[in-house]
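Okay, structure first, notes after.
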Amino acid sequence: MRRSATIVHETTPSRVLLGPGARHDVPDELERYGARRVLLVATRSARAAAEELEGALGERLAARFDRPVVHTPVEVTAEAMALVEASGADAVVTIGGGSAVGLGKALVARAGLPHLTVPTTYAGSEVTPVLGETRDGVKQTRRDTALLPRTVVYDVDLTLTMPAGLTLTSAVNALAHAVEALWAPDATPVTDALATESSALLLAGLGDVLRDPDDLAARTALQQGAWLAGTCLATAQMGLHHQLAHVLGGAYDLPHAELHTLLLAHVVRHNLPAAPDAAWRLRQMAGDDPAAVIGALAASYDGPRRLRDLGVPEDGLAEVARRVAATPYPNPAPVTEDGVLAVLRAAW
Ligand code: NAD
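In terms of the working numbering, the sequence shown has 317 at position 317, counting the first letter as 1, and numbering is strictly consecutive.
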């Protein structure tokens with residue numbers, strides 16, 4: 001569609017609560033929808049919070065499902081839908097990472113229930129209107145504001161159990177949403193402000209949390225940064241970084257957050273010369289060489305640091321570069337086969 005406006009911004013309608021202990025507000029929040037039969041979806045990592053909530057809901061608990069799976073396979077959704085139907089659920093509460101949130105969105109798509117989510121990682125899906133589902137191994141994505149959780153409850157206490165590797169990769173994954181929003185072609189003053197604040201919170205918070213995983217103030221900074229980064233992901237178009245992660249992840253079935261973590265510094269190094277405003281903003285918080293700062297964070301754990309550590313063969317890089325350059329996402333630096341191959345070789 002041709003537009004005359006140079007800026008288009010839409011505000012998403014979710015209600016957000018944030019604070020230590022905010023999970024205790026969930027039963028009252030459910031009263032806002034008049035929920036009487038609640039389906040509780042919780043990952044095993046959130047078992048204690050789920051049991052606590054079961055006690056608080058009492059007879060309002062209709063059923064519980066504790067097996068959300070990454071990338072929302074439709075067979076798992078069908079199992080959870082059978083529970084919705086058998087129990088007569090009139091609302092869904094999800095507690096967990098992006099996999100639990102994704103299952104909640106898939107149930108909303110099928111049953112139109114109100115969805116309250118309590119995210120326990122920094123994935124950001126809770127504030128995006130996007131659902132990615134897997135059918136016969138193929139991921140399909142749809143976008144609809146009706147998929148947005150109605151309420152998001154961020155409770156920093158539930159992030160304290162994240163191990164160092166998950167903390168790092170999940171936070172760098174969030175940082176990638178904010179950084180790509182800074183150089184997005186459809187950036188607005190709103191996404192610029194959110195992405196700048198998000199990057200600052202994530203960069204400052206991550207160093208502190210890696211030094212002291214129980215630092216509540218730094219964990220809160222990461223959670224707030226992830227919320228803002230998710231909001232950027234919901235509104236701004238993602239570029240080369242997300243396209244590389246998508247093509248590589250699809251071709252070699254690679255772990256999502258680990259892949260984002262090792263790629264981001266290389267894409268930042270490639271793009272910043274062509275993105276002066278993003279470069280200026282990142283330098284305010286990360287000094288002269290933001291790519292080096294991100295690279296040092298990514299190297300500060302014992303997970304995979306290079307594409308070769310993830311099992312990507314060197315002779316597969318050219319084909320990935322060809323596919324990326326053939327249908328490039330919008331990106332500040334031109335997306336040429338040679339340019340992408342250079343980024344991939346550096347990451348390899
Ligand atoms: P995840 O939800 O799969 O969780 C990863 C692992 O961490 C799981 O084993 C989980 O049990 C554990 N875990 C979660 N929270 C924990 C905690 N606080 N302490 C200890 N362990 C914990 O991973 P994720 O990265 O949060 O989410 C990935 C999924 O989200 C993918 O399916 C991805 O496609 C989707 N996603 C969607 C969007 C979107 O906008 N639609 C955005 C980001 C991610």
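Ideal placement from N, C-alpha and C gives every residue a C-beta, glycine not left out.
For this session: Can you tell me which of the three DSSP states glutamate 59 falls into?
Result: It is helical.
For this session: Could you give the DSSP three-state label for glutamate 10: helix, strand or coil?
Result: When DSSP states are grouped into helix, strand and coil, glutamate 10 belongs to the coil group.
Exercise. Contact check, leucine 175 vs leucine 216 under 8 Å by CB: the rounded distance?
Worked result: Wrong, their Cβ atoms sit about 20 Å apart, outside the cutoff.
Problem set entry | 8 Å Cβ cutoff met for cysteine 232 and alanine 286 | Between cysteine 232 and alanine 286, the gap from beta carbon to beta carbon reaches 8 Å or more.
For this session: Please determine, among Asp288, Val247, Gly19, Pro276, the residue with the shortest C-alpha to C-alpha distance to leucine 263.
Result: Ranked by how close their Cα comes to the Cα of leucine 263, the residues Asp288, Val247, Gly19, Pro276 have Val247 in first place.
Exercise. For serine 45, is the beta carbon positioned less than 7 Å from some heavy atom of ligand 1?
Worked result: The answer is yes for serine 45.
Exercise. So does the region 223-241 actually touch the region 305-318, counting three or more Cβ pairs closer than 8 Å?
Worked result: Contact fails: fewer than three Cβ-Cβ distances are below 8 Å.
Exercise. Who are alanine 91's beta bridge partners in DSSP?
Worked result: Residue pairing by DSSP places alanine 91 opposite Val38 in a beta bridge.
For this session: Could you tell me which residues DSSP pairs with proline 119 in its beta bridges?
Result: The beta-bridge partner set that DSSP reports for proline 119 consists of Gly96.
Exercise. Quick one: complete beta strand (DSSP E) runs, 3+ long, within the region 62-87?
Worked result: Runs found: none.
For this session: Mind checking which residues open and close the beta strand (DSSP E) that includes threonine 167?
Result: No beta strand (DSSP E) contains threonine 167, which is instead part of the alpha helix (DSSP H) from 164-182.
Problem set entry | Closer than 8 Å to chain D by CB, glycine 207 | Absent from the structure is chain D; it holds one protein chain and no more.
Exercise. Would you say the region 64-76 touches the region 37-47, given that touching needs at least three Cβ pairs under 8 Å?
Worked result: Between the region 64-76 and the region 37-47 there are three or more inter-stretch CB-CB distances shorter than 8 Å, so the stretches are counted as touching.
For this session: With valine 197 as the anchor, note down where its alpha helix (DSSP H) starts and where it stops.
Result: According to the sequence provided, residue 197 is glutamate. The question's valine does not apply to it. 189-211 is the extent of the alpha helix (DSSP H) around glutamate 197.
For this session: Compute the Euclidean distance between the alpha carbons of alanine 49 and valine 153, then round it to the nearest angstrom.
Result: Just so you know, the alpha carbons of alanine 49 and valine 153 end up roughly 13 Å apart.
Problem set entry | alanine 193 classed as buried or exposed, judged by whether at least 16 other C-beta atoms fall within 10 angstroms | Label assigned to alanine 193: exposed.
For this session: Label alanine 89 either buried or exposed according to how many other C-beta atoms from any shown protein chain fall within 10 Å of its C-beta, with 16 as the threshold for buried.
Result: Answer is buried; the Cβ neighbour count reaches 16.
Exercise. How far does the beta strand (DSSP E) with leucine 113 in it reach, from first residue to last?
Worked result: Unbroken run through leucine 113: none, as it is neither H nor E.
Exercise. Does the Cβ of alanine 298 lie closer than 7 Å to at least one heavy atom of ligand 1?
Worked result: No; taking the cut-off as 7 Å, the Cβ of alanine 298 has no heavy atom of ligand 1 nearer than that.
Exercise. Cα separation between glycine 102 and proline 332?
Worked result: Just so you know, the alpha carbons of glycine 102 and proline 332 end up roughly 30 Å apart.
Exercise. What's the gap between the Cα of leucine 113 and the Cα of leucine 107?
Worked result: Their Cα atoms are separated by approximately 7 Å.
For this session: Can you tell me which of the three DSSP states glycine 132 falls into?
Result: Of the three classes helix, strand and coil, the one that applies to glycine 132 here is strand, per DSSP.
For this session: Would you mind listing the alpha helix (DSSP H) stretches within the region 220-278 that are 4+ residues and don't spill past its ends, in chain order?
Result: With a minimum length of 4 residues, the continuous alpha helix (DSSP H) runs that stay inside the region 220-278 are 240-252, 256-271.
Exercise. Excluding the five sequence neighbours on either side, which residues of its own chain have a C-beta within less than 6 Å of the C-beta of arginine 37, listed in chain order?
Worked result: So the qualifying residues of the chain are Ala62, Gly88, Ala89, Asp90.
Exercise. Under the criterion of a Cβ to heavy atom distance below 7 Å, does methionine 162 qualify as lining ligand 1?
Worked result: Yes, Cβ of methionine 162 sits closer than 7 Å to a heavy atom of ligand 1.
For this session: Have a look at Asp338, Thr151, Ala184, Leu222 and flag the residue whose alpha-carbon is nearest the alpha-carbon of valine 16.
Result: Checking every option, the nearest Cα to that of valine 16 belongs to Thr151.
Problem set entry | Pairwise C-alpha distance: glycine 165 and aspartate 302 | Cα to Cα, the separation comes out at about 8 Å.
For this session: Report the rounded CA-to-CA distance for alanine 146 versus histidine 115, giving the unit in angstroms.
Result: Per the coordinates, the alpha-carbon of alanine 146 lies some 10 Å from the alpha-carbon of histidine 115.
For this session: Compute the minimum distance between the beta carbon of serine 198 and the heavy atoms of ligand 1, and state whether it is under 7 Å.
Result: For serine 198, the CB stays at least 7 Å from every heavy atom of ligand 1.
Exercise. Apart from the five residues on each side of it in sequence, which residues of its chain come closer than 6 Å, Cβ to Cβ, to asparagine 173?
Worked result: Excluding positions up to five away in sequence, the list reads Ala257, His260.
Exercise. How is arginine 143 classed by DSSP in three states: helix, strand or coil?
Worked result: If DSSP states are grouped into helix, strand and coil, arginine 143 belongs with the strands.
Exercise. Comparing the CB of leucine 259 with every heavy atom of ligand 1, is any distance shorter than 7 Å?
Worked result: No, the Cβ of leucine 259 stays beyond 7 Å of every heavy atom of ligand 1.
For this session: Please report how far the alpha carbon of alanine 346 lies from the alpha carbon of histidine 266, in whole angstroms.
Result: If you take the alpha carbons of alanine 346 and histidine 266, they lie about 7 Å apart.
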